[in-house]
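Report on the following structure.
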Amino acid sequence: MDNNRNVSVVKDSKGNDIVLINDIQFKGKRKVDWKEVKEYLYGYVGDIYEISNTDDYVYIGTDLPDEYTGSEYTESLRGGNAKAKANATQGIPELLNIATGKFYRENTTKKHLRDAQYGWYRYDSRFALPVFADDGRIERYNLYHASMLIRHASDNKLYLYDVIDIKKETSNPLGLKGLPDKKPIS
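Written as structure tokens, this is what we have:
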């Protein structure tokens, strides 16, 4: 995995964790290049991350890159939410680490009988992406909520399957507007 990720975990005004992603890796005026995102995701395959809140270990399997970039949910995304999902890939380790609100759902589809034999879990996580001014400085951060979709496989391990339900938050509890007075790393 790229050791030059510019990602950190900060607290909002209420003490909740937010993954702060300081660079926009996946840019594009019109569309996200999902092939490029998929290649980036392959760098995580084989990694294991802990969800601090529950002490669950989540594995990154070989199915993540295809599902993350080719799911029905991803294909339905447009504009800012598509770019948010693409750039959230940079913070996957931290998004898993700060995840909260473990919710279980039984598997009800034949399609996932083997890969999610013991059902599904959803966790909530939050991240922030920078908005740059014309001069290249960070103007503010947009905050997003995301659901981490995790499958409980027949090998009794938890695997990250997708990041879904990405929603931009309307408030700015970070109070970060204009805080970092720097240009993005090129």
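Residue numbers for the sequence shown follow this note's numbering, beginning at 7 and rising by one. Every residue, glycine too, gets a C-beta built ideally from N, C-alpha and C.
In the DSSP assignment, Lys-44 falls within the unbroken alpha helix (DSSP H) covering 40–48.
If you draw a 10 Å sphere on the C-beta of Phe-133, you find 16 or more other C-beta atoms in it, and that means buried. Classified as exposed, Asn-10 has fewer than 16 neighbouring CB atoms from the shown chains inside 10 Å of its CB.
Distance from the CA of Tyr-79 to the CA of Asp-72, rounded to the nearest whole angstrom, comes to 12 Å.
Per DSSP, Glu-145 is one residue of the beta strand (DSSP E) stretching across 144–158. Under the Cβ criterion (8 Å, minimum of three pairs), the stretch 13–27 counts as touching the stretch 95–114. Under the three-state reduction of DSSP, Ser-131 is assigned to strand. With a 10 Å radius around the Cβ and a threshold of 16 neighbouring Cβ atoms, Ile-172 comes out buried. Collapsing the DSSP output to three states places Lys-108 in a strand. For Leu-135 and Ile-57, the gap between their C-alpha atoms comes out near 22 Å. For Asp-171, the three-state secondary structure derived from DSSP is strand. According to DSSP, Pro-136 shares a beta bridge with Tyr-147. His-158 is classed as buried because its beta carbon has at least 16 other beta carbons within 10 Å across all chains shown. Glu-42 has its alpha-carbon roughly 26 Å from the corresponding atom of Glu-145. DSSP, reduced to helix, strand and coil, places Tyr-63 within a strand of the structure shown. In this structure, the beta-carbon distance from Tyr-127 to Ile-156 falls below 7 Å.
Nearest C-alpha to Asp-130 among Ala-152, Trp-40, Ile-66: Ala-152.
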